[in-house]
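Top to bottom, those sequences are chains A and B.
Quick note on numbering: our numbering labels position 455 of the first sequence as 473, and the sequence is numbered without any gaps.
Quick note on numbering: our numbering labels position 574 of the second sequence as 592, and the sequence is numbered without any gaps.
Protein chains: 2
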Amino acid sequence: MLIIGCGPTGLTLAAQLAAFADVSVCIVDQRDGPLQVGQADGIACRTMEMFAAFGFAERVEKEAYWVNETVFWKPDPSTPRRIFRSGRIQDVEDGLSEFPHVILNQARVHDLYLDVMRHSPGALTPDYGRRLDDLRLPTSDGEPVVARFEGLEAGDGGGAGEMETVRARYVVGCDGARSAVRRFMGGALRGDSANQSWGVMDVLAVTDFPDIRFKAVVHSADEGNLLVIPREGGYMVRLYIELDQLRVDERVASREVTIERLIDAARRILAPYTLDVEEVVWWSVYEIGQRLCAKYDDVADDDTVVRLPRVFIAGDACHTHSPKAGLGMNVSMSDAFNLGWKLASVVRGQCRPQILPTYSSERRAVAKELIDFDREFAAMFSARPQSSDDEDGVDPAEFQRYFQQHGRFTAGTATRYGPSVLVGAGTNQHLATGFEIGMRFHSAPVVRLADAKPMHLGHVAKADGRWRLFAFADEVAPNAPGSRLAELCALLAADPRSPLLRYRSDDVDIDAVVDLRAVVQQGHQRLVIGEMPSILRPHKGRFGLVDYEKVFGPDRKAGQDIFEMRGVDRTVGALVVVRPDQHVGHVLPLDGFDELVDFFAGFMVPAGRYVAGA
Amino acid sequence: MLIIGCGPTGLTLAAQLAAFADVSVCIVDQRDGPLQVGQADGIACRTMEMFAAFGFAERVEKEAYWVNETVFWKPDPSTPRRIFRSGRIQDVEDGLSEFPHVILNQARVHDLYLDVMRHSPGALTPDYGRRLDDLRLPTSDGEPVVARFEGLEAGDGGGAGEMETVRARYVVGCDGARSAVRRFMGGALRGDSANQSWGVMDVLAVTDFPDIRFKAVVHSADEGNLLVIPREGGYMVRLYIELDQLRVDERVASREVTIERLIDAARRILAPYTLDVEEVVWWSVYEIGQRLCAKYDDVADDDTVVRLPRVFIAGDACHTHSPKAGLGMNVSMSDAFNLGWKLASVVRGQCRPQILPTYSSERRAVAKELIDFDREFAAMFSARPQSSDDEDGVDPAEFQRYFQQHGRFTAGTATRYGPSVLVGAGTNQHLATGFEIGMRFHSAPVVRLADAKPMHLGHVAKADGRWRLFAFADEVAPNAPGSRLAELCALLAADPRSPLLRYRSDDVDIDAVVDLRAVVQQGHQRLVIGEMPSILRPHKGRFGLVDYEKVFGPDRKAGQDIFEMRGVDRTVGALVVVRPDQHVGHVLPLDGFDELVDFFAGFMVPAGRYVAGA
């Protein structure tokens with residue numbers, strides 16, 4: 019497999035694929051080494067959940083700036099040339115995620131991914147200094163995709179000008195808004211081209227603006243608008259200034275903007291507060307529009323019945339939008355998290371390649387929503403503030419309300435994948451209303467039965483390519499007669515149609531492909547692990563050691579009962595099927611074994627039936 | 019400065035000293051490289067707090083086994099040859115610490131310290147493969163301590179047999195129970211020598227003992243006792259077996275004990291449960307007694323008026339005891355945390371060398387308590403369980419009560435340093451009853467004023483050698499007339515006697531030696547950072563940037579008001595003085611500026627007055 023581009027998208031994909039020693043992956047970039055300073059910085063709650071799956075969320079939590087509240091400033095009605103704080107909201111609503119919304123520079127996120135890749139079974143490192151020169155798409159299923167690279171001066175390859183050819187079954191272009199892969203694929207970004215220009219600067223400054231350590235949206239009467247994004251470390255701050263909103267005599271073509279002009283604009287917007295910039299760490303001006311590619315892979319919608327995709331694009335190669343909502347990097351990484359497990363499972367022979375078109379359909383719908391949101395949000399942001407002179411302007415209070423209403427969207431937790439071979443119908447959604455089909459599995463606190471550890475249930479869902487079954491027990495204790503949970507476990511353990519048995523080869527653990535976990539209603543003090551159904555304490559590995567980490571109970575002591583928090587039916591329980599990208603694939607009744615069998619049969623390949631290249 | 023020994027004690031000391039680029043440190047060990055498998059494993063809550071000061075608590079939390087509950091098993095009264103679970107207790111009482119009690123192997127703790135050392139200003143790495151051959155104590159203050167080392171075969175030094183001489187102002191022996199430094203110093207461990215022999219094994223086993231993932235204390239009727247300590251990673255378990263408690267025909271000199279005998283003993287104790295050991299990862303037999311060295315430095319008590327210490331010992335070199343309470347490594351690391359900042363501040367000319375004798379007096383008292391506790395605890399642990407045949411035995415329920423009562427002791431949070439030049443009198447303790455003078459600063463949740471970040475107040479106390487003043491505001495808002503907090507701040511900012519001014523040179527930040535933080539009673543939404551006293555938003559560094567991280571408020575949203583939780587007087591407030599090792603040095607009223615001045619004058623050297631070698 020070939021990944022082109024070492025940005026956050028390419029690295030998320032590479033980190034996911036590096037989890038499999040049996041998947042051969044190559045990741046290349048034009049740059050001569052890892053990124054030093056990055057443009058993107060906002061990390062949404064949902065992205066933190068994904069980082070937890072990769073094992074580095076706690077490091078990001080420790081190092082990052084936390085966006086706890088967002089403040090809004092607007093012109094003082096009595097003295098419009100002075101701004102005042104008009105509102106303050108909690109940035110993320112309570113209970114939306116167990117993680118905060120944070121700010122951390124992109125280069126650091128890259129480093130954390132590179133660490134994961136290096137230490138994964140695949141032991142993957144990027145090849146830098148190679149520019150994609152040609153990409154030949156296959157004309158038949160047996161042919162590989164052929165990519166030709168030119169070695170660049172600063173690369174670690176054979177040297178400047180040297181050509182290398184890579185043959186790969188799948189190629190993914192994570193090569194940004196000017197994607198070469200997209201060009202070779204014949205795709206294009208469509209939409210409003212470069213309708214907004216922005217200036218952005220990371221500065222060390224002395225100011226008496228009191229909210230310099232809050233995310234702040236500042237609308238001035240006549241001088242334009244800016245966004246304050248405090249940075250990690252306590253001192254640096256990022257200011258985004260929308261250049262088109264500057265006064266007419268300040269509006270200049272972005273190529274003529276200087277850092278001095280940007281600083282001056284920021285000072286005028288923040289008046290009456292002072293701003294003395296002591297050091298400019300980084301600055302840039304860019305033009306951006308809301309644009310979207312029609313297809314994220316190389317197969318036209320009409321052709322999917324006869325041909326399956328072999329070349330994909332992800333991230334900025336598919337969609338561009340303004341930085342205001344701080345979503346770009348997050349949506350891009352989610353593209354890769356959606357695609358990674360699908361590619362791995364197809365290459366490894368676990369899933370049929372027919373699942374691959376779901377990548378484009380699922381992720382393009384998300385980008386479409388994002389772009390619609392961004393267009394509306396950007397328009398409100400850019401509109402002149404309402405005043406007695408200008409009644410057509412937008413009331414900043416309205417902008418604040420809009421911002422608040424769309425909090426789930428900007429947190430990345432609103433994404434919902436529509437029904438498909440990988441996402442079941444909502445027939446049994448009522449059994450677990452808080453685990454919405456198609457949306458990410460919303461974690462909640464539990465206590466592990468075997469060692470009383472308080473933890474988050476969702477954190478067992480690592481980025482390891484496995485499906486997970488979370489079986490929430492019915493009212494009968496799992497060690498008592500008539501327990502639906504025990505009956506399901508008996509089928510999963512013994513019926514040859516069981517997804518746990520059917521899709522794994524004999525030489526791997528029972529949970530290697532589908533990982534069953536149970537949540538019982540009783541606390542750990544009232545149940546004995548030895549009385550749990552045997553498949554919930556499976557013997558694993560060379561020594562047949564018992565895995566004690568399959569059963570959980572509610573965290574009653576913390577007053578947090580997962581059954582209540584997530585609307586799980588206490589009488590009959592529920593079976594929540596979770597995809598490798600943490601999205602809920604299905605909700606079924608505990609006695610829905612047949613439906614479970616059918617669901618998995620829709621996309622998985624029974625063990626031993628895999629034909630390479632199929 | 020010379021540190022001998024790279025165990026947890028030596029590494030804690032080295033990590034603390036590496037924080038100062040201007041302190042020259044050398045750390046040596048006999049071993050040929052970092053430890054691979056370690057004996058110690060328990061990490062008490064208090065130690066986790068210290069790890070937080072070094073910046074790696076969150077990694078230990080992630081990797082370690084969490085001791086959430088401890089279970090007790092004893093002979094079934096009706097069938098004494100079978101054990102049953104007689105009790106279950108929460109391991110750490112609620113609110114004792116923000117950190118859990120965890121288990122992580124010692125080698126991993128070493129790695130984390132080595133990382134800290136490498137990345138500190140001192141960029142310190144150990145010199146391995148050197149054995150202390152001679153240590154010459156100075157006869158006058160002007161002379162150095164002279165240590166001679168012999169290079170060992172496997173070392174990275176000049177080679178086997180090569181001699182090296184190191185001259186150091188201070189030498190610390192962290193070289194274990196058979197300490198060579200102690201021998202050269204003329205000290206000896208006194209107490210019960212080797213009165214207990216223990217077998218310990220880290221195994222991968224299959225068992226139906228239901229509490230194999232809990233810390234378990236198991237008393238059998240006739241087969242002896244054992245301790246189950248689950249290990250990180252979910253599978254490995256450590257079993258401690260007291261050999262003297264085995265049946266007469268099984269009691270053998272420890273040198274004749276084999277791993278097969280240990281496993282057999284464990285199986286008999288755990289009956290009727292089975293235990294199949296699949297792999298022995300590590301095992302050992304050792305004899306241990308409760309022993310203590312009379313002095314932790316090279317100056318006899320009578321001589322302290324004429325001479326100051328130059329050679330110290332810490333950790334196992336000072337005290338040995340049984341592993342039952344899991345305290346050894348923790349007390350040893352705390353020795354080093356107590357000594358490290360004192361040595362650094364003396365060498366750097368900030369404190370007078372007269373503070374050095376407090377190390378021995380403060381830490382020896384702790385070890386004395388530990389040994390008394392251990393003797394009592396060990397006796398109860400080893401006693402035969404009470405039964406109808408043996409009424410003199412100890413009722414395991416009594417043992418359980420004892421264990422519970424001493425939870426604060428085993429968590430390491432009960433340590434209290436007595437009054438000295440570094441610990442004030444309790445005259446004003448009533449102003450902040452939850453910050454007990456001489457005990458560690460008991461952290462509590464707060465919200466940072468400038469960015470609304472919820473955090474733990476105690477976590478601002480890093481292992482950076484600085485003293486901290488936590489000023490808890492009085493009832494008057496800090497921006498209103500008559501605020502005692504504001505008045506204190508004014509004195510601290512301007513009075514030449516202010517500890518913030520008097521002990522720092524002009525070329526460093528205002529908080530370089532004494533770091534002032536304030537906790538106000540109002541939430542962050544009701545106060546503006548710009549209206550805080552200016553010393554609470556100091557300009558720092560080359561650019562004079564504002565440090566916004568000095569002021570905090572209660573975390574009302576979480577329902578956790580630090581004033582209430584720690585018994586701080588809401589009317590008049592309180593000033594809590596915290597030492598660089600996180601122990602409370604003093605509690606004073608906010609208008610106690612003169613007492614504060616006097617307290618610091620008792621041990622600090624005004625800037626510019628330092629005479630090298632004084």
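For every residue, glycine included, the Cβ atom is placed at its ideal position computed from N, Cα and C.
Remember, it's a predicted structure, so these values are computed and weren't measured experimentally.
Against Phe-232(A), the close residues of chain B are Ala-468, Asp-469, Ala-470, in the order they occur along the chain (beta-carbon pairs closer than 9 Å). For Arg-522(B), the nearest beta carbon of chain A is not closer than 8 Å to its own beta carbon.
Per the Cβ contact rule, the segment 99–109 of chain B is in contact with the segment 415–428 of chain B (3 or more Cβ pairs under 8 Å). Bounds of the beta strand (DSSP E) holding Val-46(A) are 44–47. Using a Cβ-Cβ cut-off of 8 Å, Trp-91(B) does not count as an interface residue toward chain A, since no Cβ of chain A sits closer than that to its own. Here Thr-589(B) is exposed: its Cβ has fewer than 16 other Cβ atoms, across all protein chains shown, within 10 Å. Taking the Cα of Tyr-253(A) as reference, the smallest distance to any Cα among Lys-233(A), Ala-239(A), Val-224(A) is reached at Val-224(A). Below the 8 Å Cβ cutoff, chain B contributes Phe-561, Leu-563 as neighbours of Leu-222(A), in chain order. Within its own chain, the residues whose Cβ lies closer than 8 Å to the Cβ of Gln-578(A), once the five positions on either side in sequence are excluded, are Ala-462, Pro-463, Pro-572, listed in chain order. If you draw a straight line from the Cα of Arg-196(B) to the Cα of Lys-233(A), it comes to about 58 Å.
In the structure shown, the three-state DSSP call for Glu-296(A) is strand. Secondary structure within the segment 32–85 of chain A: the beta strand (DSSP E) runs of 3 or more consecutive residues, fully enclosed, are 44–47 (chain order).
At a cut-off of 8 Å between beta carbons, Gln-418(B) makes no contact with chain A.
Taken through DSSP and simplified to helix, strand or coil, Ile-331(B) comes out as strand. Comparing alpha-carbon positions, the option among Ile-455(B), Val-246(B), Gln-34(B), Glu-582(B) lying closest to His-137(B) turns out to be Gln-34(B). Gln-214(A) sits close to Ser-340(A), with the two beta carbons spaced by under 8 Å. In this structure, the alpha-carbon of Glu-111(B) lies about 35 Å from that of Thr-65(A).
Annotation: Cβ neighbours of Arg-106(A) in chain B (cutoff 7 Å, chain order): Gln-543.
Tyr-566(B) reaches chain A at Arg-231, Gly-252, counting residues in chain order whose Cβ is nearer than 7 Å. Proximity of Asp-533(A) to chain B, defined by a Cβ-Cβ separation below 8 Å, is not satisfied. Taking 7 Å as the cut-off between beta carbons, none of the residues of the segment 57–72 of chain A comes near chain B. Per the C-alpha coordinates, the member of Trp-485(B), Ile-455(B), Cys-336(B) positioned closest to Lys-360(B) is Trp-485(B). Here Pro-551(A) is not bridged, per DSSP, to any residue. In this structure, Asp-599(B) keeps its C-beta atom at 8 Å or more from the C-beta atom of Phe-330(B). Residue pairing by DSSP puts Arg-166(A) in a beta bridge opposite Asp-152(A), Thr-183(A). Taking the C-beta atoms as reference points, His-119(B) is found no nearer than 8 Å to Pro-26(B). Annotation for Val-134(B): Ala-33, Phe-72 place their beta carbon closer than 6 Å to its own, counting only its chain and skipping 5 residues before and after. In terms of Cα proximity to His-237(B), the closest of Lys-386(B), Glu-296(B), Ile-101(B), Pro-514(B) is Ile-101(B). Asp-469(B) sits buried, since 16 or more C-beta atoms from the chains shown fall within 10 Å of its C-beta. Cβ neighbours of Val-465(B) within its own chain (closer than 6 Å, five residues either side excluded): Pro-472, His-542, Gly-571, Asp-573.
The contact set of Pro-248(A) on chain B, defined by CB atoms closer than 8 Å, consists of Asp-469 in chain order. The alpha-carbon separation between Ala-498(A) and Pro-551(A) amounts to approximately 11 Å. With fewer than 16 other beta carbons inside 10 angstroms of its own, Gly-436(B) counts as exposed. The contact set of Val-546(A) on chain B, defined by CB atoms closer than 7 Å, consists of Pro-228 in chain order. Apart from sequence neighbours up to five positions away, the residues of its chain that approach Asp-294(B) with a beta-carbon distance below 8 Å are Ala-223, Val-224, Thr-225, ordered along the chain. Under DSSP, Leu-244(B) shares a beta bridge with Val-236(B), Ile-259(B).
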